[in-house]
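The working numbering applies: residue 19 is where the sequence shown begins, and numbers increase by one.
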Amino acid sequence: MNTFQLSCFLAVANTLNFARAAEQLNITQPAVTHQIRSLETELNTKLFRRTTRIVELTSAGILFQDDARNILEISMRAKNRFQNPSPQELQVFSIGCHSYTQLFLLPEILKNMRKIYPQIFPRLRAVPFQHLYRLLEEEDVDAIIGFQEPDLKKLPGIYKELAKIPVVCACPSDSRLASLTSVTPADLEQEKLVLYAPLKSPSTIVQLQQRLIGSRSPSDFYFCESGEASLVLIRAGFGVTILPDLFLPRHSDLTYLPVADVEPISFGIYYKTLKDNEMLKTFFHIMQKYFESQ
19 MNTFQLSCFL AVANTLNFAR AAEQLNITQP AVTHQIRSLE TELNTKLFRR TTRIVELTSA
79 GILFQDDARN ILEISMRAKN RFQNPSPQEL QVFSIGCHSY TQLFLLPEIL KNMRKIYPQI
139 FPRLRAVPFQ HLYRLLEEED VDAIIGFQEP DLKKLPGIYK ELAKIPVVCA CPSDSRLASL
199 TSVTPADLEQ EKLVLYAPLK SPSTIVQLQQ RLIGSRSPSD FYFCESGEAS LVLIRAGFGV
259 TILPDLFLPR HSDLTYLPVA DVEPISFGIY YKTLKDNEML KTFFHIMQKY FESQ
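So this is what it looks like as structure tokens:
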């Protein structure tokens, strides 16, 4: 099925006359007849009932009119979009991250980017760890914001650190831990744990969680898909959690304690190359300034 067939069909449907349809389209009548027959063959139905005296639409032809008009309208819109491009083409800039929490970093960054690149068209991708770096390798994202992975040699990009993010324990303000100034992994051994899903966690957090789980019963811990979900269960009294202290909402009924003996986690940008990518260079510099100001 093509737009020429549809144009012939609609011309005949409007005039109920093959000769007048051919005249409107500025082609021969046999050409119109051929297009209608090929369309009927493709649809496996008769669209017109034709005698020596009259041409009329079949019930199938009546039903097909709306479909034909809609298809032609969509086709014309698509064609016109590219025949009349805007003075400046949209500049797609794709950013990947591991969790939706990390997206909270971007509003101010993208606002500044838009001042420099008015035609920027951001694409934001929140993808689990094991898939995100494949997108970078295949150049489906320009940059990834996230925590540093331990084995950089296995990853397809370059990593630049933006900040060191401390690891904290979030617990109810009325828990026994809340009176402490910091906690150690040993302090958490008797607590029920609300843990971040391993596929969405930086390796430092995964290792700490594995250490805390040890040989404990599955009833002693819960897994959540996001930091926000973890905090919901903490506030409901299901236990405590350990998280990087990055854009965590501060609730008055929760206490956030530094985790001793755990190094802060490096947070930064992965990218393939800055060469010939001015937009990526700008993004990197704006991110640097943002974290320097915090």
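We put the beta carbon where it would ideally sit given N, CA and C, even for glycine.
My output table needs one value for residue i: the three-state DSSP class, helix, strand or coil.
i: isoleucine 334; result: Within the shown structure, residues of the chain are numbered from 19 to 312, placing residue 334 beyond reach of any answer.
i: lysine 307; result: helix
i: tyrosine 12; result: Since the displayed the chain opens at 19 and closes at 312, residue 12 lies outside it and no answer follows.
i: glutamine 109; result: strand
i: serine 25; result: helix
i: aspartate 125; result: Checking the sequence, you will find proline at residue 125 rather than aspartate. In the structure shown, proline 125 sits in a helix (DSSP, three-state: H, G or I).
i: tyrosine 135; result: coil
i: alanine 161; result: strand
i: threonine 273; result: strand
i: valine 280; result: coil
i: leucine 154; result: helix
i: lysine 290; result: coil
i: arginine 34; result: Per the sequence shown, the amino acid found at residue 34 is leucine instead of arginine. The answer is coil: DSSP assigns leucine 34 none of H, G, I, E or B.
i: valine 373; result: Here the chain comprises residues numbered 19 to 312, so residue 373 is not present and cannot be evaluated.
i: glutamate 296; result: helix
Given that a residue counts as buried once 16 or more other Cβ atoms are within 10 Å of its Cβ, and exposed if not, what is residue i?
i: threonine 222; result: buried
i: valine 110; result: exposed
i: alanine 188; result: buried
i: threonine 259; result: buried
i: serine 117; result: buried
i: methionine 305; result: buried
i: phenylalanine 139; result: exposed
i: alanine 96; result: exposed
i: threonine 70; result: exposed
i: glutamate 1; result: There is simply no residue 1 to check, as the chain begins at 19 and stops at 312 in what is shown.
i: threonine 199; result: exposed
i: proline 168; result: exposed
i: glutamine 53; result: buried
i: glutamine 312; result: exposed
i: phenylalanine 36; result: buried
i: glutamine 134; result: Sequence check: residue 134 is isoleucine here, not glutamine. Its Cβ having fewer than 16 others within 10 Å, isoleucine 134 is exposed.
i: serine 248; result: buried
i: alanine 49; result: exposed
i: isoleucine 162; result: buried
i: threonine 273; result: buried
i: alanine 72; result: It should be noted that the sequence gives isoleucine, not alanine, for residue 72. Classification of isoleucine 72: exposed, given that the 10 Å Cβ count is below 16.
i: isoleucine 92; result: exposed
i: proline 190; result: buried
i: proline 220; result: buried
i: isoleucine 80; result: exposed
i: isoleucine 113; result: buried
i: leucine 391; result: Any question about residue 391 goes unanswered here, given that the chain covers just 19 to 312.
Can you round the beta-carbon distance between residue i and residue j to whole angstroms, since I take them to be within the 8 angstroms contact cut?
i: methionine 131; j: phenylalanine 301; result: 6 angstroms
i: proline 203; j: aspartate 279; result: 7 angstroms
i: glutamine 42; j: alanine 31; result: Not confirmed; about 12 angstroms, so no contact.
i: alanine 86; j: leucine 34; result: Incorrect: roughly 15 angstroms between the Cβ atoms, too far for contact.
i: histidine 66; j: threonine 76; result: It should be pointed out that residue 66 corresponds to phenylalanine in this sequence rather than to histidine. At roughly 6 angstroms, the Cβ-Cβ gap stays under 8 angstroms, so phenylalanine 66 and threonine 76 are in contact.
i: proline 174; j: leucine 154; result: 5 angstroms
i: leucine 275; j: valine 224; result: Not really, about 20 angstroms apart at Cβ, beyond 8 angstroms.
i: threonine 46; j: alanine 40; result: 6 angstroms
i: phenylalanine 285; j: phenylalanine 165; result: 5 angstroms
Please go through the segment 53-107 and give each complete alpha helix (DSSP H) segment of 4 or more residues, from N-terminal end onward.
-> 77-101
Starting from the N-terminal side, write out each stretch of the beta strand (DSSP E) that is 3 residues or longer and does not extend beyond the segment 187-224.
-> 211-214
Considering only residues of the segment 229-268, which uninterrupted beta strand (DSSP E) runs meet the minimum length of 3 residues and lie entirely inside it, listed in chain order?
-> 239-242, 259-262
Touching or not, the segment 155-165 and the segment 229-237, by the rule of three or more beta carbon pairs under 8 angstroms?
-> no
Segment contact, 8 angstroms Cβ cut-off, at least three pairs: the segment 248-257 with the segment 174-185 = no
Evaluate contact between the segment 282-295 and the segment 198-211, counting only Cβ atoms and requiring at least three cross-stretch pairs below 8 angstroms.
-> no
Taking 8 angstroms as the threshold, find out whether the segment 260-269 comes into contact with the segment 117-127 through three or more Cβ pairs.
-> yes
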